[in-house]
Each structure stands twice: as C-alpha cells, then as structure tokens.
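Trainee: Counting in the numbering used here, the sequence shown runs from 298 upward without gaps.
Glycine residues also receive a C-beta, built at the ideal position from the N, C-alpha and C atoms.
A quick note: this is a predicted structure, and the numbers were derived from the prediction, not measured.
Please read through the structure below; I'll follow up with questions.
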Amino acid sequence: MSSYPALRLRRTRASAWSRRLHAENVLTPADLIWPLFVTEGRGVEEPIASLPGVSRWSLDKIVERGREARDAGIPCIALFPNTQPDRRTEDGREALNPDNLMCQAIRALKDAVPEVGVLTDVALDPYTSHGHDGLVDAAGYVKNDATADVLIGQALTQADAGADIVAPSDMMDGRIGLIRSALEEAGHHNVQIMSYAAKYASAFYGPFRDAVGSRGLLKGDKKTYQMDHANAEEALREVALDLDEGADTVMVKPGLPYLDIVRRVKERFEVPVFAYQVSGEYAMIEASVAAGAGDRDALVLETLMAFKRAGCSGVLTYHALHAARVLAR
298 MSSYPALRLR RTRASAWSRR LHAENVLTPA DLIWPLFVTE GRGVEEPIAS LPGVSRWSLD
358 KIVERGREAR DAGIPCIALF PNTQPDRRTE DGREALNPDN LMCQAIRALK DAVPEVGVLT
418 DVALDPYTSH GHDGLVDAAG YVKNDATADV LIGQALTQAD AGADIVAPSD MMDGRIGLIR
478 SALEEAGHHN VQIMSYAAKY ASAFYGPFRD AVGSRGLLKG DKKTYQMDHA NAEEALREVA
538 LDLDEGADTV MVKPGLPYLD IVRRVKERFE VPVFAYQVSG EYAMIEASVA AGAGDRDALV
598 LETLMAFKRA GCSGVLTYHA LHAARVLAR
C-alpha cells in the first residue's frame, strides 16, 4: 500500500458523486420491513404515547398503510395485534381463531395489496391474560413443549389466512422444526419462516408492550426463555438449531445494541440475517429529536446503515415509511 502523500484517503471523499461511487453499503426501501399494530373498529387510529408517531390501526386503515408501503417501495409489512382484554385467556386460545384480528388483517392486506409481503408474529403474548409468550404452569414457568404445540396451530392459522412469512418470536426450543413440518404437511411449501433466533430479554421492549396491550399484564419477566444479554456464543447455538430445523431466515432482536451478534451470525452461517430495531430504540431516536439533540432524517438513515454494514439483509423498523420517503428524495 502507498503512503501519504501518494495515498490520500480523503481524495475519494472530496465530492458527493465520488462518495456515492465508493460507498461499500447501500440502503434502499427494499431493505425495510414495516411493523404495524392492528386494532378493532373502523376508521380507527390510536396513537401510542410511548411510541410518538406510531399508532394502532383498524383494518381499513391497515390497508391504507399497505398501499403506502407499496408506493414507497417497502416490500413487506409485519403485523402485531392489539387483542381486546375479553379475548385474552390463560391459554391464549384466540391465537387459533381463524377469524381473529391478525387473520382478518392478513386477508385484508393480501386482497388489497397482494404484491406486499405479510409477515406475522407467532407467539402467544398478544393473546394471554398473563402476558407471556406461552402457556405457564402453577409456578409461573412457561412450558416449552405444550406451548410449541399451540404455536403450530397458530402458524397454520396464519398461513391459511395468507401469511407469506411466519415469524416465531417465542423462543421455545424446537418450535421451528415442528412448524416447518406442519407447514409442509398442510401444503404451505412456500410460506417462509423467519425465526427470532437470537431474541434477548431486553429493557428496550417497553413501548411495544404498550402497543399490544400486554405491559400491565405481564407477571414476572421473560428471562427463562429469552436470552441473557451477557451471552453471544449461545446466540450462535440458537441460530444453528433454527437453521437446522428449517428456518429460511433468522433475526437478531433488539438491533443496535446487538450488532456484534448480527456480524457473528452473518460470518458464521452466511445466511440472510435480519434485525429488529425495536420500540425502545425508535423511542430513543424520537426523544432525541424532540429534545433538539439530533436531526431525525440523519439519525434514522445512519442507524439503518449500521445494520447493513453489520451484515443485515433487512431491518424491521417503525421508521420504515419515513426512511423510504427520505431515500426517495
């Protein structure tokens, strides 16, 4: 390698066209998945106080969001239901209802904007009265195998409704293989599984729990099934198991605090890796903007590029529509 002054690394940064030409990573709307919250009613928009700028939407409004995603070049929407309290039970049976809020939203989107992919959350926390992702025993411990049996039915119900990607976020052992086998047997050969393979027990999920109505319901914590944030090697074992069981893609969650995990997964397995820029991360950016400490456009694009640089194929982010519109300018 040459040395200074023959080599001046600033030379290629001197003009905008040259910076574009030499960019090692590129962010486009096609890299984004837009999480949306569904609620009952018609013509309903319910702003979420802890997620400024994010709302729960009724089915007709979700369809409008789907059209916005299509027009902005966002390829996929992720759905999360706000299940009413009277439909929440200890066993989360509403998850198996083929006419539940999630399934209604899937059908509405696939009817209106079939070219937009629909990703669905497979876990019981939006449906349980105790706020956990699975069935609990008398001591409050989440039962693995009994929960996995219910998740199979939930995934099939969503696939039958038209889901393109089912995304188990529960962190039960063995559920990916069981769901893959069930999808194959039911003829859903092209329904993808995006596994929440490395999902950490994180302090960054609070606003999301507000959005789906589970924050005040949760009894205890989720540390017996979500990962310890001190661990990295364990994440690689989780990813290896899920890929072996039939996951098409894997996810790391949360996002920015876990970019080291994204990089290690990408380098070890060379598979499509996604990250979820979770509600607490979004809220921190919005709080920074509100305090005058940063520019929203710059903060959003820089954080999203960090995911790409770390090795992500795509990012789930509540800023997806905003980012796509900024990128189109």
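Please state whether the Cβ-Cβ distance between M548 and S585 is less than 8 Å.
Mentor: In this structure, S585 does not lie closer than 8 Å to M548 by Cβ.
Trainee: Using DSSP with H/G/I as helix, E/B as strand and the rest coil, what is K496?
Mentor: Three-state result, K496: strand.
Trainee: How long is the line joining the alpha carbons of T417 and D592, rounded to whole angstroms?
Mentor: The alpha-carbon atoms of T417 and D592 are separated by roughly 32 Å.
Trainee: Give the DSSP-derived three-state secondary structure of S312 in the structure shown.
Mentor: Three-state DSSP puts S312 in coil, outside helix and strand.
Trainee: How would you call Y573, buried or exposed, if buried means at least 16 neighbouring beta carbons within 10 angstroms?
Mentor: Its Cβ being crowded by 16 or more others within 10 Å, Y573 is buried.
Trainee: Just the Cα atoms here: how many angstroms apart are T336 and C400?
Mentor: The straight-line gap from Cα to Cα measures roughly 12 Å.
Trainee: Taking three-plus beta-carbon pairs below 8 Å as touching, is the stretch 513-523 in contact with the stretch 415-432?
Mentor: Flag = yes, the stretch 513-523 and the stretch 415-432 touch.
Trainee: Determine the DSSP secondary structure at Q401, reduced to helix, strand or coil.
Mentor: DSSP places Q401 in helix when its eight states are reduced to three.
Trainee: So, using beta-carbon positions, are A483 and L453 closer together than 8 Å?
Mentor: Cβ distance < 8 Å, so A483 and L453 count as in contact.
Trainee: Compare the C-alpha of A443 against each of V463, Q455, A420, A456 and name the closest.
Mentor: Ranking the options by Cα distance to A443, first place goes to A420.
Trainee: State the beta-bridge partners of I330 as determined by DSSP.
Mentor: Answer by DSSP bridge pairing, in chain order: C373, L613.
Trainee: Taking C-beta to C-beta, are M469 and Y522 nearer than 8 Å?
Mentor: Yes.
Trainee: Can you tell me where the alpha helix (DSSP H) with M581 in it begins and where it stops?
Mentor: Run containing M581: 576-587, per the alpha helix (DSSP H) assignment.
Trainee: Which runs of the beta strand (DSSP E) at least 3 residues long sit entirely within the stretch 474-555? Give them in chain order.
Mentor: Qualifying beta strand (DSSP E) stretches, in chain order: 489-496, 546-550.
Trainee: Report all residues from its chain with a CB closer than 6 Å to the CB of D461; omit the five preceding and five following residues, and keep chain order.
Mentor: Cβ within range, chain order: G414, V415.
Trainee: Taking one C-beta from the stretch 310-324 and one from the stretch 355-371 each time, how about it: are there three or more such pairs within less than 8 Å?
Mentor: No: the two stretches stay apart, fewer than three of their Cβ pairs being nearer than 8 Å.
Trainee: Since I374 and W331 should fall inside the 8 Å C-beta cutoff, what is the C-beta to C-beta distance between them, to a whole number of angstroms?
Mentor: Their Cβ separation, rounded to whole angstroms, is 5 Å, which keeps I374 and W331 in contact under 8 Å.
Trainee: For K519, is the classification buried or exposed, using 16 other Cβ atoms within 10 angstroms of its Cβ as the cut-off for buried?
Mentor: That one is buried.
Trainee: Measure the Cβ-Cβ separation of A405 and L356 and say whether it is below 8 Å.
Mentor: Yes.
Trainee: Which residue marks the beginning of the alpha helix (DSSP H) containing T600, and which one marks its end?
Mentor: Where T600 is concerned, the enclosing alpha helix (DSSP H) stretches over 593-607.
Trainee: Tell me the DSSP bridge mates of Y573?
Mentor: L613.
Trainee: Nearest to L329 by alpha carbon, out of H619, G611, V623?
Mentor: Nearest option by C-alpha distance: G611.
Trainee: Please tell me whether D479 and I403 are closer than 8 Å, where the distance is taken between their beta carbons.
Mentor: Reading off the sequence shown, one finds Ala at residue 479, where the question assumed Asp. No. Outside cutoff.
Trainee: Could you name the residues of the same chain whose beta carbon sits closer than 7 Å to that of K605, not counting the 5 residues immediately before and after it, in chain order?
Mentor: Excluding residues within five positions, the ones whose Cβ falls inside 7 Å are N322, L324, D328.
Trainee: Leaving out the 5 sequence neighbours to the left and right, which residues in its chain are closer than 7 Å to N441 when beta-carbon positions are compared?
Mentor: Taken in chain order, the residues that qualify are M469, D470.
Trainee: Please classify Q381 as buried or exposed, where buried requires at least 16 other C-beta atoms within 10 Å of its C-beta.
Mentor: Exposed, by the Cβ-count rule.
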